Amino acid sequence: MDTHDMGRGRKGGVAGALGDMNQPALIVSIDSDVLYPPYEQMELHQLLPNSQFESIRNDDGHDGFLLAQEEIGPILGDFLDKNAGVINFGNHAFSPSDAEERDEPSDGRSRL
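For the sequence shown, the numbering used here gives the first residue as 10, with consecutive numbering after it.
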C-alpha cells in the first residue's frame with residue numbers, strides 16, 4: 010500500500026490522475042482508522058470530481074469498515090441506487106434507460 014503511486018509517470022501526478030476520473034466514487038471514512046486516516050480520505054474526495062464522502066464514527070480503527078455494516082450498508086445502498094448502471098465515457102454518462110429511450114439494446118451495443 011505504501012509503494013503504489015497512481016500519479017507516478019502521469020502529468021499532474023496524483024491530482025492529475027484523479028482529476029481525470031469521472032466514474033462515481035464512494036469514499037467511506039472510519040474516524041478511528043490510522044492506516045487510512047480521515048484526512049487522507051477527505052483529500053481523495055477533494056481530488057475525485059465525482060465522489061461522495063461519508064464519515065462514520067467507530068472505535069474499531071481500520072477494522073471499522075468490516076464491523077460497521079449497520080452504518081455502511083445504507084450509505085452503500087443509497088450510493089448504488091443513485092449510481093448503479095451508470096457508465097461514464099469521457100465526459101458523458103450513460104445508463105441502461107438511455108438505450109431504452111433510443112430503442113437500443115441495454116447491453117451497450119448499438120443497432121447499426
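C-beta: ideal position from N, C-alpha, C; glycine also. Bear in mind the structure is a predicted one, so any value in this text is a computation, not a measurement.
8 Å contact criterion, which residue i and residue j should meet: CB distance rounded
i	j	result
residue 70	residue 43	6 Å
residue 15	residue 23	6 Å
residue 81	residue 74	7 Å
C-alpha distance - residue i paired with residue j, whole-angstrom precision
i	j	result
residue 40	residue 50	10 Å
residue 26	residue 62	19 Å
residue 53	residue 21	15 Å
residue 47	residue 92	24 Å
residue 58	residue 32	9 Å
residue 28	residue 68	32 Å
residue 35	residue 76	18 Å
residue 56	residue 84	21 Å
residue 78	residue 86	11 Å
residue 45	residue 72	11 Å
residue 64	residue 90	19 Å
residue 66	residue 19	35 Å
residue 17	residue 94	31 Å
residue 60	residue 12	24 Å
First and last residue of the uninterrupted beta strand (DSSP E) at residue i
i	result
residue 34	34-39
Host alpha helix (DSSP H) of residue i (start-end)
i	result
residue 47	47-56
residue 91	78-92
residue 27	22-28
Beta carbon proximity, residue i to chain B, threshold 8 Å
i	result
residue 72	Note that chain B does not occur in the displayed structure, where there is just one protein chain.
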